[in-house]
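Okay, structure first, notes after.
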Amino acid sequence: MRLRSAVAGAAVLLAAAACGSGAQDDTGPDAPAGTHVCELLRADEVRTALGAADVTLTEEPGPLEEDWSFDNCRITVDEAGTDPTYELLLRVSLDRAELADHEAMAADWGTIEVPGLGTAADLFTPTWLQVLAGDRLVRLSGRYHLPEIPVLSEVVRPVLSRLGGYRPAPAEVALPACDAVTPQAETLLGGEADRRRDRADDRLLCSWSRGGDVIQAHTTLGDRSVLEGAADATEDESLDLGGAPARYLSHEDAFGTVQFVVDGWRLGGYVQHQPHDHGTDHDPLIALARAFAAELPEAAPEPPVAYPVDRNRLPDRATAGICELIGADEAGEILGGEVELVERPGPVDVQTFDGCDLVLGGGPSAAGSTVRIDVSAQPMTLADHELLYRQAVAPAGPPPGAEVPGLGEDARFVSDGSLQVFEDGRVLRLRDLPGHDEAIALAELVLPRLPDLPEPPEVVALPECDALTDSAAAVLGERPELRRDNVSFYGLVCGWATETGSLSARTTSGEVAGLVWTMDAPGAEVLDLAGGTENAVYFEVIGSTPPTAGVDVVVVPQELGLAVEHRPHDPERDRDALVAFADELATLLPEIAPDCPQPGSDCVRRP
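Written as structure tokens, this is what we have:
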């Protein structure tokens, strides 16, 4: 397959295609809250263009943004007739645009010109297709997956033919839950908002604008890491919003934020203002955040758990036994909910850890809902522990480096809710807990059991990866001592490590646009692998410690790919062996890759 020429060929197909049929008499779904983007689509046309079993169209107004704001139609695509496999977002600009506006955006991105669609059309790799049609910007972006150019074009072309009858939404698309804090928002704006965009789906989102000022406020899942601050902030202040811990940040590029936690892991909020002046806008922004935090317990929608799966029941799952350190009921008492324990051997690294994921509420795709217990799989010294700590430490309260008495030989907070402990030649890492108290409680439970944990196995392997071990040894310079293979939530993972280096490989979804983006990175080398043409890239990771290089391969466009990483990497010594390894594995991949019905789904090994 020739990816660059495939892109060019797609452009020729687009130019030769008809301009699309006119608007049909049937109408799209009802448009809640006064938006009408889904009326530009027909579900049967989209289904045919994507080759899908079914599609669902959902209106999604806003949010308002400082530069360009859009109303949206979310396209949920069911490829197999069972579960949602990916989503596309059709976006139409609220304001009128000119060619210069589109060209200015294209100049800031890596783009591929797509002739045959409107005045100007470009693929903003690897993120979205944008078309200037008349005086509107039309975008089609993807979540989990972005189809290739000809497919995107077949979805967009009928939309362009219907834009002449498009009914823009009114200036105000508002919800009562957001009305309650609109007085505080308008105080920050300096007057009555000239535009509103609110919605409530898996979260509550409110947005207001006045002239060039824009405010967004939305619910989050209450991840306490937002309270850590940011290195690039010019102003950083810890707050208490009526019992909700919060952080105010002001940045050089004129935006200010307040993030807060109402109920750890279950409910939080984020308020952003642009352009923001710390001197004049600090107090009004905090007042808005305080009002929003007070409103949320009653106003916030229940956060969904998307695509819940039981990853413990994958066939022949490899294991390193870390989940034996704790029971699900014990974890649930600390974390305040039902917990699923999921073994996670590896992945390999210069220092490899085996892990157990504590998934709260049964949904690994719900952001902020997974605690990780990691135990080093190789012998560690106190110096190793201290080096890992220095590499991982982030601003938090208590201050970075604060020791935790009574826990191991050396226990330190890495960040809010994350703890690292050295104990008897092993390093224990607890990550992503709601807060320090929960981290200490979990450590107190796990540490006494650590001596009873069996020595980590050298080999946690799957036969799919065995055939590559000789080639892996050629990259590493010696026979690997450590193996960590797995069928993970996202596909096949193979890993080999020595005392000083690691080599890992994992399957990907074969995104063409992402590979084209990598091809244009500084120093990247385009390759022909696994019988393809210009379907792979060798690249070095700039500024990485230790030096790192990788090879990305598209094996079957938009369906199957490969990502390989080697650390530490010497280009003169290791480049050829790494490329040969990637070529061999990519050639085998169609036969050994697990069946993953959807991105981020329950992948199952082939018989």
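So the sequence shown is residues -23 to -1, 1 to 584, counted in mature numbering (1 follows the signal peptide of the UniProt record, and there is no 0).
Where a beta carbon is used, it is the ideal one built from N, C-alpha and C, also for glycine.
Pick from the options that is closest to residue i, judged by C-alpha positions
i: A98; options: A482, G509, L555, P127; result: P127
i: R174; options: R389, E502, V493, A146; result: A146
i: W45; options: R73, G383, I519, A231; result: R73
i: I417; options: V391, P433, E435; result: V391
i: E37; options: V530, V150, D213, A276; result: V150
i: R19; options: G93, P135, A570, L106; result: P135
i: V327; options: V398, E476, P382, S395; result: E476
i: W571; options: C442, T211, A84, E435; result: According to the sequence as given, residue 571 is Pro; it is not Trp. Closest option to P571, Cα to Cα, is C442.
i: D240; options: A194, E229, H255, P222; result: P222
i: A501; options: T510, A490, Y515, E511; result: Y515
i: E549; options: V316, T564, E517; result: E517
i: L312; options: D414, E16, V530, A177; result: D414
i: D21; options: T12, D31, A154; result: D31
i: T522; options: A26, E536, A369; result: A369
i: G188; options: G220, D209, A148; result: A148
i: D306; options: L335, G256, P434; result: L335
Beta-carbon gap between residue i and residue j smaller than 9 Å
i: E400; j: E421; result: no
i: V325; j: G538; result: no
i: L445; j: L562; result: yes
i: E43; j: V191; result: yes
i: G468; j: T485; result: yes
i: P322; j: D179; result: no
i: V115; j: R68; result: yes
i: L265; j: L165; result: yes
i: L129; j: A110; result: no
i: F558; j: V470; result: no
i: L359; j: L384; result: no
i: P524; j: R552; result: no
i: L273; j: T196; result: yes
i: V493; j: I89; result: yes
i: A507; j: D560; result: yes
i: R349; j: R406; result: yes
i: C183; j: L226; result: no
i: L71; j: R51; result: no
i: L459; j: G298; result: no
i: L504; j: V541; result: no
i: A308; j: L419; result: yes
i: V14; j: N49; result: yes
i: L100; j: A490; result: yes
i: G314; j: L337; result: yes
Integer-rounded CB distance, given that residue j should sit under 8 Å from residue i
i: V352; j: R403; result: 6 Å
i: L204; j: R224; result: 5 Å
i: L218; j: A270; result: 4 Å
i: A474; j: T329; result: 6 Å
i: P534; j: G487; result: 6 Å
i: F232; j: H250; result: 7 Å
i: L41; j: W185; result: 7 Å
i: A29; j: V54; result: 5 Å
i: G95; j: V108; result: 4 Å
i: A194; j: G142; result: Rounded, the Cβ-Cβ distance is 33 Å, inconsistent with contact.
i: V532; j: L555; result: That pair is no contact at about 17 Å.
What beta strand (DSSP E) runs, 3 residues minimum, are completely inside the region 23 to 82?
31 to 37, 47 to 55, 63 to 70
Determine, using beta-carbon pairs with one atom in the region 111 to 123 and one in the region 149 to 160, whether at least three such pairs fall under 8 Å.
no
Which parts of the region 183 to 222 are runs of the beta strand (DSSP E), unbroken and 3 residues or longer, counting only runs that do not cross its ends?
190 to 197, 210 to 218
Considering only residues of the region 140 to 187, which uninterrupted alpha helix (DSSP H) runs meet the minimum length of 4 residues and lie entirely inside it, listed in chain order?
153 to 156, 159 to 166
Could I get the ranges of all uninterrupted alpha helix (DSSP H) runs contained in the region 437 to 502, with 4 residues as the minimum, in chain order?
440 to 443, 446 to 453, 489 to 496
Runs of 4 residues minimum, wholly inside the region 343 to 424: which ones carry the alpha helix (DSSP H) assignment?
359 to 369, 413 to 423
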